[in-house]
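Some notes on the structure that comes next.
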Amino acid sequence: MEQISYKLEVFEGPMDLLLHLISKHKLNIYDIPIIELVEQYIAYVKQMQEADMYVASEFLEMAARLVYIKTVSLLPVYEEAEDLKKELTGELLEYRDCQLMAGKLAKRTEGFDRFVREPIQIDIDPTYTRLHEPTELMRAYLNVVGKKMRKLPPPIEAFRGIVATKIVSVESKIKSIFKKLGKKGEKHRFRALFADAQSRSDLVATFLAVLELAKTKKLYLDGEGDAMRVELLAEDFDNFSSQEWE
Amino acid sequence: MVNAKELQAAAEAVLFSVGEPIELERIAAALEIEAESTEQLLMNLSASLDERGSGICLLKLGSKYQLSSRAQFAPQIRSVLEIKRNAPLSQAAFEVLAVIAYNQPVTKSFVEQVRGVDCSGVIATLCQKKLVEEKGRLDLPGRPLLYGTTPEFLRCFSVSSLEELPELPNHDAEQSIEATLEAAEAEAEHPTETQDE
Amino acid sequence: MVNAKELQAAAEAVLFSVGEPIELERIAAALEIEAESTEQLLMNLSASLDERGSGICLLKLGSKYQLSSRAQFAPQIRSVLEIKRNAPLSQAAFEVLAVIAYNQPVTKSFVEQVRGVDCSGVIATLCQKKLVEEKGRLDLPGRPLLYGTTPEFLRCFSVSSLEELPELPNHDAEQSIEATLEAAEAEAEHPTETQDE
Numbered sequence: 000m001e002q003i004s005y006k007l008e009v010f011e012g013p014m015d016l017l018l019h020l021i022s023k024h025k026l027n028i029y030d031i032p033i034i035e036l037v038e039q040y041i042a043y044v045k046q047m048q049e050a051d052m053y054v055a056s057e058f059l060e061m062a063a064r065l066v067y068i069k070t071v072s073l074l075p076v077y078e079e080a081e082d083l084k085k086e087l088t089g090e091l092l093e094y095r096d097c098q099l100m101a102g103k104l105a106k107r108t109e110g111f112d113r114f115v116r117e118p119i120q121i122d123i124d125p126t127y128t129r130l131h132e133p134t135e136l137m138r139a140y141l142n143v144v145g146k147k148m149r150k151l152p153p154p155i156e157a158f159r160g161i162v163a164t165k166i167v168s169v170e171s172k173i174k175s176i177f178k179k180l181g182k183k184g185e186k187h188r189f190r191a192l193f194a195d196a197q198s199r200s201d202l203v204a205t206f207l208a209v210l211e212l213a214k215t216k217k218l219y220l221d222g223e224g225d226a227m228r229v230e231l232l233a234e235d236f237d238n239f240s241s242q243e244w245e
Numbered sequence: 000m001v002n003a004k005e006l007q008a009a010a011e012a013v014l015f016s017v018g019e020p021i022e023l024e025r026i027a028a029a030l031e032i033e034a035e036s037t038e039q040l041l042m043n044l045s046a047s048l049d050e051r052g053s054g055i056c057l058l059k060l061g062s063k064y065q066l067s068s069r070a071q072f073a074p075q076i077r078s079v080l081e082i083k084r085n086a087p088l089s090q091a092a093f094e095v096l097a098v099i100a101y102n103q104p105v106t107k108s109f110v111e112q113v114r115g116v117d118c119s120g121v122i123a124t125l126c127q128k129k130l131v132e133e134k135g136r137l138d139l140p141g142r143p144l145l146y147g148t149t150p151e152f153l154r155c156f157s158v159s160s161l162e163e164l165p166e167l168p169n170h171d172a173e174q175s176i177e178a179t180l181e182a183a184e185a186e187a188e189h190p191t192e193t194q195d196e
Numbered sequence: 000m001v002n003a004k005e006l007q008a009a010a011e012a013v014l015f016s017v018g019e020p021i022e023l024e025r026i027a028a029a030l031e032i033e034a035e036s037t038e039q040l041l042m043n044l045s046a047s048l049d050e051r052g053s054g055i056c057l058l059k060l061g062s063k064y065q066l067s068s069r070a071q072f073a074p075q076i077r078s079v080l081e082i083k084r085n086a087p088l089s090q091a092a093f094e095v096l097a098v099i100a101y102n103q104p105v106t107k108s109f110v111e112q113v114r115g116v117d118c119s120g121v122i123a124t125l126c127q128k129k130l131v132e133e134k135g136r137l138d139l140p141g142r143p144l145l146y147g148t149t150p151e152f153l154r155c156f157s158v159s160s161l162e163e164l165p166e167l168p169n170h171d172a173e174q175s176i177e178a179t180l181e182a183a184e185a186e187a188e189h190p191t192e193t194q195d196e
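Chains as they are written, first to last, in numbering that gives the first Met the number 0: chain A, 0 to 245; chain B, 0 to 196; chain C, 0 to 196.
The following block contains the structure:
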């Protein structure tokens with residue numbers, strides 16, 4: 000791959016970076032060559048890390064997602080990979096529209112040159128004099144807190160919205176695999192590693208952690224399907240930096 | 000900028016945007032012309048505003064200048080500002096008011112935690128409207144201000160005390176919002192004798 | 000108040016004093032005339048401000064009206080107010096505005112889904128700048144707040160209604176993906192300096 004020697008560009012987020020790579024390398028957005036894109040993407044993220052730039056968790060989550068799509072697309076039956084790629088294409092097109100419109104808005108900012116006035120201060124009594132039904136107040140309260148009444152405000156997490164996802168790092172999964180598998184040579188069911196996964200991101204991270212450990216010969220996989228067994232070849236958890244899991 | 004008409008318009012725009020009375024010199028500096036020419040310019044502006052019967056006029060206050068609405072339109076201005084003051088509360092304002100009313104005294108951060116967004120502006124407006132007021136400070140690091148409702152708040156909702164506000168549904172009850180509201184509304188229409196809480 | 004000229008002056012005085020965008024109906028109520036006559040009056044006011052080359056102009060923002068200085072005098076006004084000229088918004092802010100403007104009302108999570116990054120800070124800034132405001136809540140678990148654009152947004156982007164915003168790209172069009180991407184890249188031009196957010 001060509002060396003990127005120019006000053007690292009700053010991107011608004013993983014979508015911005017992906018669009019840039021697709022455009023730069025003339026990739027087909029409607030049929031993304033996933034292996035190429037993963038390589039380009041991870042190469043860029045690595046450079047960000049080497050340049051000591053702050054890498055937002057969103058970039059890492061996208062890396063995990065791309066690697067997952069790549070992994071799935073290597074399987075003999077790859078309908079899922081096609082679906083995942085289509086999903087990504089849709090999101091990229093949507094974000095491309097967003098950038099396009101943002102650019103158009105940025106070009107018509109003449110209105111920011113028009114100045115307006117503060118309201119004049121005249122002596123009027125600002126006291127509110129309308130009347131309302133007490134039930135309007137309760138309706139407003141229930142509207143904020145929802146059907147389930149709470150004594151205390153719920154944690155901020157509860158208000159983060161409906162599609163917020165929790166990001167699981169591969170590194171943390173490597174640690175938890177070591178913990179789960181216990182001593183060197185002890186055999187465990189492969190599937191058991193995924194038993195307590197909480198989300199898709201969790202599953203992906205666990206899977207990537209297994210691949211990483213197998214690649215670096217810390218872990219041995221045997222058998223297939225439900226019969227697959229897994230055991231540790233190493234005694235301790237070495238330092239796996241998050242940069243190594245490509 | 001060369002011609003006098005454009006300079007006059009620039010002076011008008013500057014006076015309009017600044018709002019407050021402003022020194023002749025500052026206008027002159029912004030227009031990059033002499034103070035004397037600026038004075039002449041402002042006299043012309045004033046004359047032209049008068050001539051065309053504008054609702055705005057130029058005031059000279061000592062060495063400062065300010066655009067102002069003409070005194071004769073004070074009733075209309077007052078009427079608009081009064082209508083504006085009494086515009087119905089926004090949904091955001093209602094929500095903040097409800098959170099304060101049912102949990103008082105509360106800090107701003109409590110309200111913000113419940114609503115999930117910054118509420119400084121809304122709380123300030125409610126204070127101005129005298130529906131909410133400061134109620135001391137919380138004995139915690141930073142000593143945050145506490146807010147509670149006012150007597151005007153009680154009048155606004157036609158209740159004589161906070162106890163008369165509709166009761167919130169039971170914490171464990173699986174009752175829907177609609178059912179709770181219906182019950183509260185029915186209660187309001189046919190009050191069973193007032194009982195002590 | 001009888002004659003049209005005086006009514007026009009009163010409308011001008013009201014718009015001047017209120018400062019903020021104001022509903023046609025509220026002006027009509029203050030002048031005690033019909034909304035239709037008020038609209039005609041405001042058109043005349045706008046024309047007469049243009050005609051005499053005033054530094055002030057009348058803007059129509061949705062169903063609201065507001066007086067503002069003319070854009071060409073921005074340098075003089077900035078000089079007096081001592082404001083530096085920098086890019087009005089960051090690229091992130093333009094992107095968030097675009098998503099909100101074309102999909103409103105929307106939740107924060109929708110915006111974050113499109114952009115792939117957290118947007119809380121940017122949305123808070125846009126609310127502070129009054130370009131975006133709360134528009135109720137979505138009836139879903141967590142009751143997320145909805146956001147939409149304001150009359151100030153219309154003023155800043157020089158349109159009098161949302162329909163006048165640039166059209167979204169047509170996906171059925173035969174434009175090649177490369178061409179569209181290049182256009183997007185060119186439009187976006189990652190700004191080198193970030194400004195205060």
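We put the CB at the ideal spot given by N, CA and C, even for glycine.
Counting only C-beta atoms, is B/Arg69 closer than 8 angstroms to chain C at any point?
yes
Got a sec: is the Cβ-Cβ distance from C/Ala34 to anything in chain B below 8 angstroms?
no
Give the secondary structure of B/Ile122 by DSSP, where H, G and I count as helix, E and B as strand, and everything else as coil.
helix
Compare the beta carbon distance of B/Ala28 and C/Phe72 with 8 angstroms and say whether it is the shorter of the two.
Going by beta carbons, B/Ala28 and C/Phe72 fall outside the 8 angstroms limit.
When DSSP builds the beta bridges, which residues end up paired with A/Asp221?
For A/Asp221, DSSP records a beta bridge to A/Arg228.
To be precise: take each residue of the region 26 to 58 of chain B, compare its Cβ to all Cβ atoms of chain C, and keep it if any distance is under 8 angstroms. Which residues remain?
Ile26, Ala28, Ala29, Leu30, Ser47, Arg51, Gly52, Ser53, Gly54, Ile55
Where do the ends of the alpha helix (DSSP H) carrying C/Val17 lie?
3 to 17
Distance check for B/Lys63 and B/Glu33, CA to CA, integer angstroms please.
Distance between the alpha carbons of B/Glu33 and B/Lys63 is about 16 angstroms.
With a cut-off of 8 angstroms, does the C-beta of C/Val131 fall near any C-beta of chain A?
Taking 8 angstroms as the CB threshold, C/Val131 stays off the interface with chain A.
What does A/Pro32 reach in chain C if we use C-beta pairs closer than 7 angstroms?
Ordered by position in chain C, no residue passes the 7 angstroms Cβ test against A/Pro32, which lies about 14 angstroms from the chain.
Residues near B/Ala10 in its chain [Cβ-Cβ closer than 8 angstroms; skip 5 each side]:
Ile26, Leu30, Thr37, Leu40, Leu41, Leu44
According to DSSP, residues forming a beta bridge with C/Ser67:
C/Cys56
B/Thr148 lies in the beta strand (DSSP E); which residues open and close that run?
144 to 148
Inspect the beta-carbon positions of A/Leu141 and A/Tyr94 and report whether they are closer than 8 angstroms.
no
Please work out which residues of its chain come closer than 7 angstroms, Cβ to Cβ, to A/Asp201, disregarding the five sequence neighbours upstream and downstream, and give them in chain order.
Cβ within range, chain order: Val167.
Give the residues of chain B in contact with A/Thr126, contact being defined as C-beta atoms less than 8 angstroms apart.
Lys128, Lys129, Glu151
Does C/Glu94 have its Cβ less than 8 angstroms from a Cβ in chain A?
yes
For the alpha helix (DSSP H) that C/Val95 lies in, which residues bound it at each end?
90 to 102
Taking the straight line between their C-alpha atoms, what separation do you get for B/Arg69 and C/Leu80?
Straight-line Cα distance between these residues: approximately 25 angstroms.
Is A/Leu207 near the ligand PLP, judged by its Cβ being under 7 angstroms from some heavy atom?
In the structure on display, the ligand PLP does not appear, and there are no ligands present to speak of.
Leaving out five residues before and five after A/Glu80 in sequence, what residues of the same chain have Cβ atoms less than 7 angstroms from its Cβ?
The residue you asked about is not Glu; residue 80 of chain A is Ala in the sequence shown. Cβ within range, chain order: Ile68, Val71, Ser72.
Under a three-way DSSP split, which group does A/Lys103 fall into?
Correct three-state label for A/Lys103: helix.
Nearest CA to the CA of B/Ile99: which residue from B/Leu144, B/Leu23, B/Pro168, B/Glu22?
B/Leu144
Go to A/Val209, then tell me how far its alpha helix (DSSP H) extends in each direction, as first and last residue.
199 to 214
Along the region 62 to 92 of chain C, where does the CB come closer than 7 angstroms to a CB of chain B? Name the residues.
Ser68, Arg69, Phe72, Gln75, Ile76, Ser78, Val79, Leu80
Are three or more beta carbon pairs between the region 76 to 90 of chain B and the region 119 to 137 of chain A nearer than 8 angstroms?
yes
Length of the line joining the Cα atoms of A/Leu220 and A/Lys186:
10 angstroms
Quick check: what's the CA-CA separation for C/Ile122 versus A/Phe189?
Their backbone Cα atoms lie some 44 angstroms apart in a straight line.
May I have the straight-line CA-CA distance separating A/Tyr40 from C/Glu162, to the nearest angstrom?
38 angstroms
Grab the span of the beta strand (DSSP E) containing C/Glu35 for me, first residue to last.
No beta strand (DSSP E) contains C/Glu35, which is instead part of the alpha helix (DSSP H) from 34 to 50.
Are the C-beta of C/Leu144 and some C-beta of chain B separated by less than 8 angstroms?
yes
With 16 as the cutoff for other CB atoms within 10 Å, does C/Arg136 come out buried or exposed?
Counting Cβ neighbours within 10 Å, C/Arg136 comes out buried, since at least 16 surround it.
Do the region 147 to 156 of chain C and the region 100 to 113 of chain A meet, that is, are 3 or more Cβ pairs less than 8 angstroms apart?
Below 8 angstroms, enough C-beta pairs join the region 147 to 156 of chain C and the region 100 to 113 of chain A to call them touching: three or more.
Taking the C-alpha atoms as reference points, what is the distance between B/Val110 and B/Cys118?
7 angstroms
For C/Phe15, would you say it is in contact with chain B, using Cβ-to-Cβ distances shorter than 8 angstroms as the test?
yes
Label B/Ser16 either buried or exposed according to how many other C-beta atoms from any shown protein chain fall within 10 Å of its C-beta, with 16 as the threshold for buried.
buried
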